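Undergrad: Residue numbering for the sequence shown follows our numbering, starting at 201 and increasing by one per position.
So that we are looking at the same thing, I have put the structure below in structure tokens.
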Amino acid sequence: MLLPTENQRTGRRADAPADRPTDQPNDDSPVALAVRQAVTDGLLGEDRPLAGFVDGRGVRDSVAGLHEAFAQVPDVLHTFAAKACSLVPVLRLLADAGMGCEVASPGELRLALDAGFAPARIVLDSPAKTRREIREALALGVALNADNLDELDRIDALRPEDCASVLGVRVNPQVGGGAIGAMSTATAHSKFGVALRDPGARTRVVEAFARRPWLTRLHAHVGSQGCPLPLIAEGLAQTHRLAEEINAYVGRRQVTSLDLGGGLPVNFADDTVTPTYAEYVAALTAAEPALLDGRYQVVTEFGRSLIAKNGFTAALVEYVKDAGGRRVALTHAGGQVATRTVFMPDDWPLRVSAYGPDGTPKRTPLVRQDVAGPLCFAGDVVAHDRPLPALFEGDLVVLHDTGGYYFSAHWSYNSLPRPAVYGYRIADGRVAFATIRSAQTVREISAESGLAQADALVTGFAEPPRT
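Here it is in structure tokens:
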């Protein structure tokens, strides 16, 4: 198993302090300009203490960088992993920029369709598809990767004669895991795909293709965050070798596309984008020179790496206190928007910067302090013992690099509302905003918590028959 270095594991520069100091931006940086204008426009303040922001131009630039890195690959479909930012306006922007969409649930499929992705540019991956989900995907012409061989039996029964869907099988090359076990999908006991190194599994996959001429794609996913490039590349190279073996066995070119699932780890230590898509392409080519030579259509499923650095979260400091000799700032950004950071702070650290009430970066001396959230449990802390300019009531904190997952994986602990998310664009030093998602109201929280059935347990039961 290939193990990442400490720097690869954390995304930290070799010369960066281990305690992850504050990252105070310049006054004219895009984030600083956006925060200041958001305060001026009333998007942040006492009555709007939490909001997310997406840089629309940054998203387009990231997509352009991805396409440029793969420019020499003859046939490639780049899809965006919807789970990374499942907001319809963001998905529509990505569709407009030339992306397809990878989905993993009925809800994500609906979002992708509503965002304007053509069914032929959508790929459905999920380890637990129902017959209804499979039937709908096949009727629409959405590409589908079966997670296991039993799922192929369902597709056999449900696939219409005129089916336009590209159909594949997900395999697990079992090359090992990276530094974050929960994000490693090619381990010996992963729940995903057909485990190729298990006795007889490889032969069963080859025979499954031989019995189904319409089965034309292989899919594999090694992992992203915490996984070094050589590990990712080796898993995908093994998938290419399996495709060659299948085609040789059936005596024709049946497997015509390779779905290189997963993405890239993101550097959360600073603004540097590393690894790059060009480095990813180089790693794939080094592991298997024929992988990208055009004999197979290539499908990618990048998510976090396209969106993380194009988003940030800003929150009001409500109170500041001292506890055990340490300053604690209580803000409105906690585990409900940064769940992974709160529960796995070493694996999902975030840079935090401090702003004054007017939205300008603070320049006062650094003080070690905790930045905590509003949830009613002690672990709701997004930054522990972090050197920051001293925070006070009415200040703002910014959580950087939160464009991926932080806006689409809200945790409803304490029934806190989902925050508003705004897109922003900067031109000639001026910032314009567009609402991506309005803030959830407390009435909406009540409605989705069963308000319409409020009396269900009081008067909703029929009297049992008397005997």
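Quick reminder that beta carbons are idealized off the backbone N, C-alpha and C, glycines included.
A quick note: this is a predicted structure, and the numbers were derived from the prediction, not measured.
(1) Taking Cβ positions, are G368 and L338 nearer each other than 8 Å?
(2) May I ask which residues mark the beginning and end of the beta strand (DSSP E) holding L530?
(3) What three-state label does DSSP hand T635 in the structure shown?
(4) Report the three-state DSSP secondary structure of S615 (helix, strand or coil).
(5) On the DSSP bridge assignment, give the partners of C301 in chain order.
(6) Between which residues of its own chain and V263 is the CB-CB distance below 8 Å, once the five residues before and five after are set aside?
(7) Tell me, which residues are paired with L367 by DSSP?
(8) So the alpha helix (DSSP H) Q438 belongs to, where does it begin and stop?
(9) Out of curiosity, what's the CA-to-CA distance linking P221 and L588?
(10) Would you call the CB atoms of A514 and P430 closer than 8 Å?
(11) Note down the Cα distance separating G393 from R370, rounded to an integer number of angstroms.
(12) Where does G603 land, buried or exposed, given buried means 16+ other C-beta within 10 angstroms?
(13) Flag this pair as touching only if the segment 447 to 462 and the segment 416 to 429 have three or more C-beta atom pairs under 8 Å; answer yes or no.
(14) Can you name, in chain order, every residue of its own chain whose Cβ lies under 6 Å from the Cβ of V231, other than the five neighbours on each side?
(15) Taking 8 Å as the cut-off, decide whether the C-beta atoms of L460 and L442 are in contact.
(16) Counting along the chain, where does the beta strand (DSSP E) carrying T500 start and finish?
(17) How far does the beta strand (DSSP E) with F253 in it reach, from first residue to last?
(18) Determine, using beta-carbon pairs with one atom in the segment 280 to 293 and one in the segment 654 to 663, whether at least three such pairs fall under 8 Å.
(19) List the whole-angstrom C-beta distance separating V406 from E445, where the pair is believed to meet the contact cut-off of C-beta under 8 Å.
(20) Apart from the five residues on each side of it in sequence, which residues of its chain come closer than 6 Å, Cβ to Cβ, to S649?
(21) What is the DSSP secondary structure of P373, reduced to helix, strand or coil?
(22) Between the Cα of V642 and those of P619, G534 and L575, spot the shortest distance and give me the residue it belongs to.
(23) Could you say if the segment 567 to 584 and the segment 534 to 545 meet the contact criterion of at least three C-beta pairs nearer than 8 Å?
(24) What is the residue span of the beta strand (DSSP E) that L458 lies within?
(25) Does the Cβ of V582 have 16 or more other Cβ atoms within 10 Å, making it buried, or fewer, making it exposed?
(26) Count the other CB atoms, across all protein chains shown, that sit within 10 Å of the CB of M544; report buried if there are 16 or more and exposed otherwise.
(27) State the Cα-Cα distance for the pair R397 and A590, rounded to the nearest angstrom.
(28) Tell me the residue span of the alpha helix (DSSP H) that contains F661.
(29) Helix, strand or coil for A490, going by three-state DSSP, please let me know.
(30) Compare the beta carbon distance of V254 and I636 with 8 Å and say whether it is the shorter of the two.
(31) Sorted by chain position, which residues of the same chain lie with C-beta nearer than 6 Å to A433's C-beta, five sequence neighbours on each side aside?
(32) Quick check on DSSP: helix, strand or coil for V571?
(33) Which same chain residues end up closer than 7 Å to N348 when comparing Cβ atoms and leaving out the 5 residues on each side of it in sequence?
(34) Among D353, T403, V323 and H389, which has the Cα closest to the Cα of S365?
(35) My output table needs one value for G534: the three-state DSSP class, helix, strand or coil.
TA: Well, looking at it:
(1) Position 168 of the sequence shown holds residue 368. Position 138 of the sequence shown holds residue 338. Cβ atoms of G368 and L338: not closer than 8 Å.
(2) Position 330 of the sequence shown, counted from the first residue, corresponds to residue 530. Looking at the DSSP string, the run of the beta strand (DSSP E) that includes L530 is R526 to T531.
(3) Here the question's residue 635 lines up with position 435 in the sequence shown. For T635, the secondary structure class from DSSP, reduced to helix, strand or coil, is strand.
(4) Walking along the sequence shown from the start, residue 615 turns up at place 415. Reduced to three states, the DSSP call for S615 is helix.
(5) Taking the sequence shown and counting its residues from 1, one reaches residue 301 at position 101. DSSP lists F280 and I322 as partners of C301.
(6) The residue you call residue 263 lines up with position 63 of the sequence shown. Answer for V263: H278, L294, A297, G298, M299 and L506, listed in chain order.
(7) For the purposes of this step, residue 367 is identified with residue 167 of the sequence shown, where counting begins at 1. Bridge partners of L367: L344 and L415.
(8) For the purposes of this step, residue 438 is identified with residue 238 of the sequence shown, where counting begins at 1. Looking at the DSSP string, the run of the alpha helix (DSSP H) that includes Q438 is L429 to V450.
(9) Start at 1 with the first residue of the sequence shown, and residue 221 comes out as number 21. Start at 1 with the first residue of the sequence shown, and residue 588 comes out as number 388. In this prediction, P221 has a pLDDT of 40, which is less than 50 and means its spatial position is unreliable; what the coordinates show is noted afterwards. The C-alpha of P221 lies about 7 Å from the C-alpha of L588.
(10) As a working note, residue 514 is residue 314 in the sequence shown. As a working note, residue 430 is residue 230 in the sequence shown. No, these two residues do not count as a Cβ contact at 8 Å.
(11) Taking the sequence shown and counting its residues from 1, one reaches residue 393 at position 193. Taking the sequence shown and counting its residues from 1, one reaches residue 370 at position 170. Their Cα atoms are separated by approximately 5 Å.
(12) Working through the sequence shown from its first residue, we reach residue 603 at position 403. The residue is buried, with at least 16 neighbouring Cβ atoms inside 10 Å.
(13) These segments touch.
(14) In the sequence shown, the residue the question calls residue 231 occupies position 31. P225 and F512, listed in sequence order.
(15) For the purposes of this step, residue 460 is identified with residue 260 of the sequence shown, where counting begins at 1. For the purposes of this step, residue 442 is identified with residue 242 of the sequence shown, where counting begins at 1. No, Cβ-Cβ distance for L460 and L442 is not below 8 Å.
(16) As a position in the sequence shown, residue 500 is number 300, starting the count at 1. T500 -> beta strand (DSSP E) spans Q497 to F502.
(17) The sequence position of residue 253 within the sequence shown is 53, counting from 1. Where F253 is concerned, the enclosing beta strand (DSSP E) stretches over L250 to D255.
(18) no
(19) By 1-based counting over the sequence shown, the position of residue 406 is 206. By 1-based counting over the sequence shown, the position of residue 445 is 245. That pair is a contact at about 6 Å.
(20) The residue you call residue 649 lines up with position 449 of the sequence shown. For S649, where only same-chain residues beyond five positions count, there are no Cβ hits under 6 Å.
(21) The residue you call residue 373 lines up with position 173 of the sequence shown. Reduced to three states, the DSSP call for P373 is coil.
(22) In the sequence shown, residue 642 corresponds to position 442, counting from 1. For V642, the nearest C-alpha among the options comes from P619.
(23) Of all C-beta pairs linking the segment 567 to 584 to the segment 534 to 545, three or more are shorter than 8 Å, placing the two stretches in contact.
(24) Stepping through the sequence shown from its first residue, residue 458 is reached at position 258. Residues S457 to G461.
(25) By one-based count along the sequence shown, residue 582 stands at place 382. Answer is buried; the Cβ neighbour count reaches 16.
(26) Here residue 544 refers to the residue found at position 344 when the sequence shown is read from its first residue. Exposed: under 16 other Cβ atoms inside 10 Å.
(27) Numbered from its first residue, the sequence shown carries residue 397 at position 197. Numbered from its first residue, the sequence shown carries residue 590 at position 390. Each residue's alpha carbon lies about 54 Å from the other.
(28) Counting from one through the sequence shown, the residue named residue 661 turns up at place 461. F661 -> no alpha helix (DSSP H), and no H or E assigned at all.
(29) Here residue 490 corresponds to residue number 290 of the sequence shown, with the count starting at 1. In the structure shown, A490 sits in coil (DSSP, three-state: anything other than H, G, I, E or B).
(30) On the sequence shown, residue 254 is found 54 positions in, with the first residue counted as 1. On the sequence shown, residue 636 is found 436 positions in, with the first residue counted as 1. Taking 8 Å as the Cβ cut-off, V254 and I636 qualify as a contacting pair.
(31) Position 233 of the sequence shown, counted from the start, is the residue given in the question as residue 433. Contacts found: A483, L484 and A487.
(32) Counting from 1 along the sequence shown, the entry for residue 571 is found at position 371. DSSP places V571 in the strand class (E or B) of the three-state scheme.
(33) Taking the first residue of the sequence shown as position 1, residue 348 is located at position 148. V394.
(34) Mapped onto the sequence shown, residue 365 falls at position 165. Ranking D353, T403, V323 and H389 by Cα distance to S365 puts V323 first.
(35) Taking the first residue of the sequence shown as position 1, residue 534 is located at position 334. In the structure shown, G534 sits in coil (DSSP, three-state: anything other than H, G, I, E or B).
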